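**Q** Residue 306 is where the sequence shown ends in numbering that gives the first Met the number 0, and the numbering goes up by one at each step.
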Amino acid sequence: MTSEAQPHHRSTPTLAQVVDAADSLWPFRLQEDWDASGLVTGRPDQPVQRILFAVDPVAPVIADALQRHVDLLITHHPLLLRGATSVAAHGFKGRVIHDLIENRCALLACHTNADSARRGVSDALIAATGVNPDDAAPLFADGTDPNAGLGRVGTLSRSVSLRELAHRLATNLPGTAQGLRIAGDPDQMITTVAVCGGAGDSLFEEVRAARADVYITADLRHHPASEAREHALGPGGHGAPALIDAAHAASEALWLPWGAQDLQRTLAARGFDVEVSVSDVRTDPWDFRVASPDSDSTPNHTSGETS
Numbered sequence: 000m001t002s003e004a005q006p007h008h009r010s011t012p013t014l015a016q017v018v019d020a021a022d023s024l025w026p027f028r029l030q031e032d033w034d035a036s037g038l039v040t041g042r043p044d045q046p047v048q049r050i051l052f053a054v055d056p057v058a059p060v061i062a063d064a065l066q067r068h069v070d071l072l073i074t075h076h077p078l079l080l081r082g083a084t085s086v087a088a089h090g091f092k093g094r095v096i097h098d099l100i101e102n103r104c105a106l107l108a109c110h111t112n113a114d115s116a117r118r119g120v121s122d123a124l125i126a127a128t129g130v131n132p133d134d135a136a137p138l139f140a141d142g143t144d145p146n147a148g149l150g151r152v153g154t155l156s157r158s159v160s161l162r163e164l165a166h167r168l169a170t171n172l173p174g175t176a177q178g179l180r181i182a183g184d185p186d187q188m189i190t191t192v193a194v195c196g197g198a199g200d201s202l203f204e205e206v207r208a209a210r211a212d213v214y215i216t217a218d219l220r221h222h223p224a225s226e227a228r229e230h231a232l233g234p235g236g237h238g239a240p241a242l243i244d245a246a247h248a249a250s251e252a253l254w255l256p257w258g259a260q261d262l263q264r265t266l267a268a269r270g271f272d273v274e275v276s277v278s279d280v281r282t283d284p285w286d287f288r289v290a291s292p293d294s295d296s297t298p299n300h301t302s303g304e305t306s
């Protein structure tokens with residue numbers, strides 16, 4: 000027997016062990032009551048050597064996973080969020096389920112639990128604005144963990160104009176046909192930033208209570224956005240919060256490399272050797288945009304912009 004150090008043996012985890020590691024990072028108890036985060040396909044005892052992260056469990060992502068021969072696909076959005084009475088392969092959801100099972104690729108959804116957890120979706124989004132996520136607080140805190148919860152609010156180290164912040168965010172987010180839609184005076188100075196990855200128009204009261212200068216989210220509908228601006232510009236208002244509306248998938252995609260890195264580190268700390276990567280398949284459903292010829296020249300009085 001020699002005195003040379005023996006190499007440390009690293010083993011392959013089972014699916015159940017990977018799910019347990021995911022739960023330690025993004026606790027499934029944090030998911031909203033209506034959500035369907037958790038394991039969708041896969042045997043708990045099957046080995047997992049390769050893991051792929053993506054936003055959506057759509058057919059091109061499944062094809063990417065199978066081409067890479069991954070054992071586990073982790074998506075942000077659940078495949079079966081609504082009730083299903085059949086997973087027959089003649090439907091698009093049934094087809095991807097059959098493709099996954101037949102190729103022994105498990106599927107795990109980390110949705111609103113990854114929204115609320117620290118170093119989750121909203122932390123990654125607020126980091127893209129220049130706010131240190133370690134110093135950001137939830138907009139709507141979890142009942143048992145005040146450090147977790149939906150959305151984030153934090154302060155920039157240096158105030159910037161709404162225009163500068165929007166350009167910064169556009170540079171950091173994945174490109175989409177929508178780009179960013181902004182409501183507010185482009186020269187308005189921004190110090191306090193609130194964000195919510197994904198659809199966040201249910202948190203306007205929390206955003207106002209936090210006295211945020213801008214609210215960044217996705218899927219803003221006409222009436223909630225219009226009423227938010229009326230509130231900001233009406234009696235007692237001071238023009239805040241301005242609004243930045245991003246594409247839904249883009250607002251969540253920044254979390255994927257964070258999630259992949261954190262999961263790989265957690266598994267390595269437990270003695271497991273896995274390969275974790277992020278899919279580069281674009282899952283935003285929109286293909287192109289046609290802007291109105293006068294979209295940049297018509298004053299928008301509802302946003303406080305007059306020239």
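From the three backbone atoms N, C-alpha and C, an ideal C-beta is built for every residue, glycine too. This one's a predicted model, so the numbers in the text were calculated from it and none came from an experiment.
How is Pro-223 classed by DSSP in three states: helix, strand or coil?
**A** Pro-223: helix per DSSP, three-state reduction.
**Q** Run through DSSP, which three-state label would Val-206 get?
**A** The answer is helix: DSSP assigns Val-206 an H, G or I state.
**Q** What's the gap between the Cα of Leu-29 and the Cα of Ser-115?
**A** Roughly 7 Å between the two C-alpha positions.
**Q** Quick check on this structure: which residue in Leu-262, Gly-174, Ala-20 and Arg-228 has the alpha carbon closest to the alpha carbon of Thr-282?
**A** Thr-282 has its Cα closest to that of Gly-174, out of Leu-262, Gly-174, Ala-20 and Arg-228.
**Q** Among the residues of its own chain, which have a CB less than 6 Å from the CB of His-68, if the five just before and after it don't count?
**A** Hits under 6 Å: none found.
**Q** Please list, in chain order, all residues of the same chain as Gly-93 whose beta carbon is under 6 Å from its beta carbon, the five residues on each side excluded.
**A** Correct list, in chain order: Val-86 and Ala-87.
**Q** Apart from the five residues just before and just after Ser-156, which ones in its own chain have a Cβ nearer than 6 Å to its Cβ?
**A** Once the five neighbours on either side are set aside, Ser-156 has no close Cβ partner at all.
**Q** Where does Ser-306 land, buried or exposed, given buried means 16+ other C-beta within 10 angstroms?
**A** No answer about Ser-306 holds up, because its pLDDT of 42 lies below 50 and its placement is not dependable.
**Q** Can you look up Phe-287 in the DSSP assignment and give me helix, strand or coil?
**A** Reduced to three states, the DSSP call for Phe-287 is coil.
**Q** Take the Cβ of Arg-228 as the centre, count every other Cβ of all protein chains shown within 10 Å, and call the residue buried at 16 or more, exposed below.
**A** That one is buried.
**Q** How would you label Val-289, buried or exposed, when you count the other beta carbons within 10 angstroms and need 16 or more for buried?
**A** Answer is exposed; the Cβ neighbour count stays below 16.
**Q** Taking the runs of the beta strand (DSSP E) that are 3 residues or longer, which of them lie wholly in the segment 69-136?
**A** Within the segment 69-136, the complete beta strand (DSSP E) runs of at least 3 residues are 71-74 and 105-108.
**Q** With DSSP collapsed to three states, give me the class of Leu-164.
**A** The answer is helix: DSSP assigns Leu-164 an H, G or I state.
**Q** Evaluate the contact criterion for the segment 134-150 versus the segment 69-85: three or more CB pairs, one atom per stretch, below 8 Å.
**A** Short answer: they don't touch.
**Q** Please tell me whether Leu-202 and Leu-138 are closer than 7 Å, where the distance is taken between their beta carbons.
**A** Taking 7 Å as the Cβ cut-off, Leu-202 and Leu-138 qualify as a contacting pair.
**Q** Could you tell me which of Asp-244, Arg-103, Asp-63 and Ala-62 sits nearest to Val-39, measuring between CA atoms?
**A** Ranking the options by Cα distance to Val-39, first place goes to Arg-103.
**Q** With the cut-off set at 7 Å, would you say Ala-211 and Ala-198 are in Cβ contact?
**A** The answer is no: Cβ separation not under 7 Å.
**Q** Leaving out the 5 sequence neighbours to the left and right, which residues in its chain are closer than 7 Å to Leu-164 when beta-carbon positions are compared?
**A** Within the same chain, Leu-164 has close Cβ partners Thr-128, Ile-189 and Val-213.
**Q** Are the Cβ atoms of Ala-239 and Ala-231 separated by less than 7 Å?
**A** Yes. Within cutoff.
**Q** With three or more beta-carbon pairs closer than 8 Å as the criterion, would you say the segment 266-285 touches the segment 45-54?
**A** Yes, the segment 266-285 is in contact with the segment 45-54.
**Q** Please confirm whether Asp-63 and His-76 have their CB atoms less than 7 Å apart.
**A** No. Outside cutoff.
**Q** Which residue or residues does DSSP assign as beta-bridge partners of Ile-61?
**A** Ile-61 is not bridged to any residue.
**Q** Just verifying my parser: in three-state terms, what is the DSSP assignment at Asp-19?
**A** Three-state result, Asp-19: helix.
**Q** Since Ala-267 is in the alpha helix (DSSP H), which residue starts that stretch and which ends it?
**A** Element bounds for Ala-267: 254-268.
**Q** From Ala-83, Asp-293, Ser-278 and Glu-204, pick the residue whose C-alpha is nearest to that of Gln-66; which is it?
**A** Cα-wise, what sits closest to Gln-66 is Ser-278.
**Q** Does Glu-31 pass the burial test, meaning 16 or more other C-beta atoms within 10 Å, or should it be called exposed?
**A** Exposed, because fewer than 16 other Cβ atoms sit within 10 Å of the Cβ of Glu-31.
**Q** Taking a contact to mean a Cβ-Cβ separation below 7 Å, would you say Gln-187 touches Leu-168 in this structure?
**A** No. Outside cutoff.
**Q** How should Arg-81 be labelled, buried or exposed, when 16 other C-beta atoms within 10 angstroms of its C-beta is the threshold for buried?
**A** When all chains shown are included, Arg-81 counts as exposed.
**Q** Which value, in whole angstroms, describes the spacing of the CA atoms of Phe-52 and Gly-233?
**A** Their backbone Cα atoms lie some 44 Å apart in a straight line.
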